[in-house]
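Engineer:
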Amino acid sequence: MRLADVLRREHIMLDLKSRAKNDLLGEMITFLCEKVEGLDRDTAYAALLKREELGTTGIGHGVAIPHGKLKGVDKVIVCFGRSVAGVEFDSMDAEPVHLFFLIVAPENSAAAHLKLLASISRLLKSNEFRTKLMSLDNPTDIFRLIMESDTPYGYH
0 MRLADVLRRE
10 HIMLDLKSRA
20 KNDLLGEMIT
30 FLCEKVEGLD
40 RDTAYAALLK
50 REELGTTGIG
60 HGVAIPHGKL
70 KGVDKVIVCF
80 GRSVAGVEFD
90 SMDAEPVHLF
100 FLIVAPENSA
110 AAHLKLLASI
120 SRLLKSNEFR
130 TKLMSLDNPT
140 DIFRLIMESD
150 TPYGYH
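Residue numbering for the sequence shown follows numbering that gives the first Met the number 0, starting at 0 and increasing by one per position.
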């Protein structure tokens, strides 16, 4: 499973307001619940917090991939968010996070979930790709960049 398979243009947020980790998770999951019928905000938020308790999903270089698994969700759902100011996210490199790929997945989706995490990680290894995500001005351009870049080999 690749990011290009599951990200929707309408699930892209370019002006995140939150400056703290839990607030950011709440902001993004609230946005996503407004777009996805049947996704319960409180249950999804609790799943994200539970995952963060196991260890940060802030992977460094200004990137975090918060994710949670939920009963009753029948497909993987992804939301991209960007914070120009940055969010204190307990990231592995202790730097603020600017780019977020939030994932909600079915409880029994381990293989697909891991493939998606790998796909996102491959893309985000590229400094050029991260820089472009920060510089583009609208969801359509971000969506296009991701669709064009998400190859089996990462950013091209």
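Glycine included, C-beta positions come from ideal geometry on N, C-alpha and C.
These figures come from a predicted structure and were not determined experimentally.
Along the chain, where does the alpha helix (DSSP H) that runs through Phe79 open and close?
Structural biologist: Per DSSP, Phe79 belongs to no alpha helix (DSSP H); it is in the beta strand (DSSP E), 76–86.
Engineer: Can the beta-carbon of Leu31 be found less than 8 Å from the beta-carbon of His60?
Structural biologist: In this structure, His60 does not lie closer than 8 Å to Leu31 by Cβ.
Engineer: Below 8 Å, can you find three or more Cβ-Cβ pairs linking the region 14–29 to the region 140–150?
Structural biologist: Not touching, per the Cβ criterion.
Engineer: Which same chain residues, not among the five before or five after Asp92, have their C-beta less than 6 Å away from its C-beta?
Structural biologist: The residues are Gly59.
Engineer: Since Ala104 is in the beta strand (DSSP E), which residue starts that stretch and which ends it?
Structural biologist: Here the beta strand (DSSP E) through Ala104 covers 96–105.
Engineer: From the DSSP output, in three-state form, read off Arg121 for me.
Structural biologist: Residue state, collapsed to three classes: helix.
Engineer: Would you report the Cα separation of Glu87 and Lys49, rounded to the nearest angstrom?
Structural biologist: Cα to Cα, Glu87 sits roughly 18 Å from Lys49.
Engineer: Check whether the Cβ atoms of Val83 and Ser90 lie closer than 8 Å to each other.
Structural biologist: Result no, Cβ atoms of Val83 and Ser90 do not sit closer than 8 Å.
Engineer: With which residues is Ala19 paired in a DSSP beta bridge?
Structural biologist: Answer by DSSP bridge pairing, in chain order: Glu87.
Engineer: Buried or exposed, going by whether 16 or more other CB atoms sit within 10 Å of the CB of Thr139?
Structural biologist: With fewer than 16 Cβ atoms within 10 Å of its Cβ, Thr139 is classed as exposed.
Engineer: Output needed for Ala104: all residues of its chain with C-beta closer than 6 Å, excluding positions within five of it in sequence on either side, in chain order.
Structural biologist: So the list reads Lys68, Val75, His112, once near-sequence residues are dropped.
Engineer: Can you tell me the Cα-Cα spacing of Leu47 and Ala3, whole angstroms?
Structural biologist: About 22 Å.
Engineer: Report all residues from its chain with a CB closer than 6 Å to the CB of Ser118; omit the five preceding and five following residues, and keep chain order.
Structural biologist: Result list for Ser118: Arg1, Leu2, in chain order.
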